[in-house]
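Before any comments, here is the structure.
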Amino acid sequence: MQQVSVAVKEFPDCLNVAACRAFLGDLDLLLSQSYRPQIIFDLSDVPHMNATGIDLLLQCISEVANRDGTLKLAAPAPQTALVLELTQLNEIVEIFNSVEEAMASFGVYQIPPQPVRPESLPHAA
Amino acid sequence: MELGAIIITGNNQPKNSGQISRSNGTRSTRNPSTLSASSYPIAFWDLLGHSVLERTIERLRRFGVELISVFNNQESVASISHGEPWEKAVIEHARNGVERILLITLGAYSEFHVDDLMRFHIENACRVTNVSDGQEPLGITLVESKCVANHNTPLRNRLTALVSCSCNYEYTGFLNRLASPADYRQLVQDALAGHCDIKPIGKEIQPGIWIAECVRIPRSVRVLGPCYVGAHTRIRPGALICPGTALERQCEIDCGTIVENSTILPSTYLGPGLHVSHSLISGSRLIHLYRNLDVELGDTGLLGWTQNPASLRVLAALGSLFTFAGAPGMRVPTPSRVPAALDYIRGNGYLG
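Respectively, the protein sequence lines represent chains F and Z.
Numbered per numbering that gives the first Met the number 0, the first sequence finishes at 124, counting up by one with no gaps.
Numbered per numbering that gives the first Met the number 0, the second sequence finishes at 351, counting up by one with no gaps.
Okay, here's the thing in structure tokens:
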């Protein structure tokens, strides 16, 4: 069975320019270390997509495409989803309601955390 | 004079108001019935060239109503009835020899026949006749002026007393309550489809395609009917105007943008390469009717207001100067974002 690795990155709130720069630097590093990268941007922390955010997203899409990679977007807020639709970015990248759905689309399923049994806990001294 | 009319606008509060929206990362409650910062009611919004208010006035004129007063008030009917300007207007109408006064609280759009209403009112010897659609009143009342004027008691008391002896005229024609932006869009679609008496202001260049004056449309633009393009609107190359769309006056649609089943209110700019569908846009404010979203997208740079040409800005400045100096008959566009409807009623002396 082929192992699939997918990187999930939290897209920054674009009101913070420094965070945007740092995000782009991290993405460059990730892309330079992987072959045909598969990446998910978690948009759940982006309540409002402004012009900076759209620019950053377009830049990321371009960078990932140059590396023959695949980028998917997950969990956009309603307003962000509307901006993506308005700018027709939804025609270029796939958008999913949650990170889990996006991962499933890559063939990766998250294993839910197992409940910890009391006997497995170390005894208190 | 047999009939006069008093129109009160600003009372059509939407039933589904208070849509939660997010703006600049903060949650805010916004009333979807008002698109511009000045919070004008739906009756003032342009609808295929003219607002509902203008169309109502034109309709009354066609039925021979000569004395018409318009009041803009955001308060409820009850508080308006206690207001001084409204009372003064009623008394003034009565003094001017008006036998009956038609009181219209402009919320719903209806196409009732004044003649039929008058006939019903006279045949039934009513002092007050309320118009309803069989379920709810439409905010239209016909009152005998002698019942509300020439008395020593306050007008509010007389009106309250007359409610008990009022007749009900049931209207069964075309009706749109204009309670929400969705109702407004439905009215636009009904008008484009010819389901009501509203005629777009412009020339029908092809079946279902109405174009107003001074419109610039390059050859590469595809316009699919039924649709409406308002006066002085500019569409840039490669744009696509799909059926059910209304672009009101002085809009600008940039290159390659697709507008589908939407209304773009006056002086709105849509950036290049956008896909707008099932929406109502005024400036940078967008109401998406399917997603039930009301958002401000000013900081995206995608939508905004059009820039007035320099000539218009000079005229506007001159206009304000002449208005200040009191020059009569000078009609130029106002520099503010006051709807054309307000200009119209001011210019024609309807404002009470």
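Here a beta-carbon is modelled for each residue, glycine too, at the ideal position from N, C-alpha and C.
So that I know if they touch, is there some Cβ in chain F lying closer than 8 Å to that of T262/Z?
Residue mapping note: residue 262/Z aligns to position 263 of the second sequence, counting from 1. In terms of beta-carbon proximity, T262/Z stays away from the interface with chain F, with every pair separated by 8 Å or more.
Taking only the alpha-carbon atoms, compute the straight-line gap between V16/F and V258/Z and give it to the nearest angstrom.
Numbered from its first residue, the first sequence carries residue 16/F at position 17. Numbered from its first residue, the second sequence carries residue 258/Z at position 259. Rounded to whole angstroms, the separation of the alpha carbons of V258/Z and V16/F is 32 Å.
Alpha helix (DSSP H) segments (min. 4 residues) lying fully within the segment 19-105 of chain F:
50-65, 77-85 and 98-104
Closest Cβ-Cβ distance between T299/Z and chain F: below 8 Å?
Along the second sequence, read from residue 1 onward, the residue named residue 299/Z stands at position 300. Yes, its Cβ sits closer than 8 Å to a Cβ of chain F.
Interface partners of L85/F on chain Z, CB under 7 Å
Position 86 of the first sequence, counting from 1, holds the residue named residue 85/F. Result: L273, H274, V275 and L301.
Could you compute how far the alpha carbon of N129/Z sits from the alpha carbon of V92/F?
The residue given as residue 129/Z occupies position 130 in the second sequence. The residue given as residue 92/F occupies position 93 in the first sequence. Answer to the nearest angstrom: the Cα atoms are 57 Å apart.
Is there a C-beta anywhere in chain Z that falls below 8 Å from the one on I91/F?
Numbered from 1 along the first sequence, position 92 holds the residue referred to as residue 91/F. No, I91/F lies away from the interface with chain Z (no Cβ there is under 8 Å from its Cβ).
Bounding residues of the beta strand (DSSP E) (the contiguous stretch that carries Q188/Z):
Translated into positions along the second sequence, residue 188/Z becomes position 189. Judged by DSSP secondary structure, Q188/Z falls outside any beta strand (DSSP E) and instead within the alpha helix (DSSP H) spanning P180 to L191.
Which ranges would you report for the beta strand (DSSP E) in the segment 270-302 of chain Z if only whole runs of at least 3 residues count?
274-276, 278-281, 284-287 and 292-295
Flag L246/Z as yes if its beta-carbon sits less than 8 Å from any beta-carbon of chain F, otherwise no.
Here residue 246/Z is taken as the residue at index 247 of the second sequence, counted from 1. It does not: the Cβ of L246/Z has no partner Cβ on chain F nearer than 8 Å.
Given that L23/F touches chain Z, what residues does it touch there, using C-beta distances under 8 Å?
Numbered from its first residue, the first sequence carries residue 23/F at position 24. Per Cβ cutoff of 8 Å: no residues; L23/F is ~19 Å from chain Z at best.
Beta-carbon neighbours of R235/Z, restricted to chain F and to distances below 7 Å
Walking along the second sequence from the start, residue 235/Z turns up at place 236. The contacting residues do not exist; R235/Z stays about 16 Å from chain F at best.
Could you tell me the distance, in whole angstroms, from the CA atom of R248/Z to the CA atom of S261/Z?
Translated into the one-based positions of the second sequence, residue 248/Z becomes position 249. Translated into the one-based positions of the second sequence, residue 261/Z becomes position 262. Taking the straight line from one Cα to the other gives about 14 Å.
Runs of beta strand (DSSP E) lying entirely within the segment 136-175 of chain Z, each at least 3 residues, in chain order
Correct list: 136-143 and 166-169.
Taking 8 Å as the CB-CB limit, is N96/F close to chain Z?
Taking the first residue of the first sequence as 1, we reach residue 96/F at position 97. Not one chain Z Cβ lies under 8 Å of N96/F.
Cβ closer than 7 Å: which chain Z residues qualify as neighbours of P75/F?
For the purposes of this step, residue 75/F is identified with residue 76 of the first sequence, where counting begins at 1. The premise fails here: P75/F is roughly 12 Å from chain Z at the closest Cβ pair, so nothing lies under 7 Å.
Going along the segment 32-56 of chain F in order, which residues come within less than 8 Å of chain Z, judged by CB to CB distance?
P46, H47, M48, N49, A50 and I53
With a threshold of 8 Å between beta carbons, is R290/Z in contact with chain F?
For the purposes of this step, residue 290/Z is identified with residue 291 of the second sequence, where counting begins at 1. So yes, R290/Z belongs to the interface.
Measure from the C-beta of V258/Z to each C-beta in chain F and report whether the shortest distance is under 8 Å.
Against the second sequence, residue 258/Z aligns to sequence position 259. Chain F, which has no Cβ nearer than 8 Å to the Cβ of V258/Z, makes this no.
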